[in-house]
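Numbering (my numbering), first residue to last: -9 to 146.
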Amino acid sequence: MPGPKRTSRVASLRRRARKAAPRLRRFRMPSLRAAIAPTVERILTAVEGAGLSADRRADLAVATAEALSNAAVHVNRLRPGSQVVIAVTVIPGRQATVEVKDAGLGFDPTATSDPTDSTNLLVPRGRGVFLMRRLVDRLEFLPPGNRVRLVVLARR
């Protein structure tokens, strides 16, 4: 039978492992412009344990708002009843990952134009993917292209 010291050490290790284990939250957002800001707030609440600085949280907020807007407005076309699916994974003290999935067939992210190219400077659209890439540590478009993953690392 283990002694009291061993039992408390094991319990401490288990608590630490639970604390460091990735935490996943899933929710849905109706495809409404008015739903974007409250959903960003929900996401920011969900990532609190990731250890992100205020600047990193602001970057994630802007990138996430762009991903949600793309899904709700450009893909789901604000259709009544259509929803955006969100998954937030937090590795405590290390990183936050936000996945946004829409109802579309997907798109080829390599086909997006460079908004900094002189021929595109006055074009009023086409900056979303560019902006998201600049604000997060990793941006991935998952097959078939209707799901985007934004990863933000806690800076040490």
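Cβ coordinates follow ideal geometry from the N, Cα and C atoms, glycine included. The model shown is predicted, which means the values in this text are computed figures rather than measured ones.
Quiz item: Are there 16 or more other CB atoms within 10 angstroms of the CB of Ser21, so buried, or fewer, so exposed?
Solution: buried
Quiz item: For the candidate residues Ala51, Pro12, Pro28, whose alpha-carbon lies nearest to that of Arg124?
Solution: Ala51
Practice problem: Name the one or two DSSP bridge partners that Thr79 has. | Solution: Leu14, Thr87
Self-check item: C-beta neighbour in chain C for Ala57, strict 7 Å
Solution: You won't find chain C in this structure, because it holds only one protein chain.
Exercise. Excluding the 5 residues preceding and the 5 following Pro99 in the sequence, name in chain order all residues of the same chain whose CB lies nearer than 8 Å to its CB.
Key: Val119, Phe131, Gly135
Quiz item: Would you say the segment 18 to 35 touches the segment 58 to 74, given that touching needs at least three Cβ pairs under 8 Å?
Solution: yes
Self-check item: Alpha carbon of Asn110 to alpha carbon of Leu121, nearest angstrom
Solution: Here the model assigns Asn110 a pLDDT of 48, short of 50, so the residue's position is not dependable, and the following value carries that caveat. Taking the straight line joining both Cα atoms gives about 14 Å.
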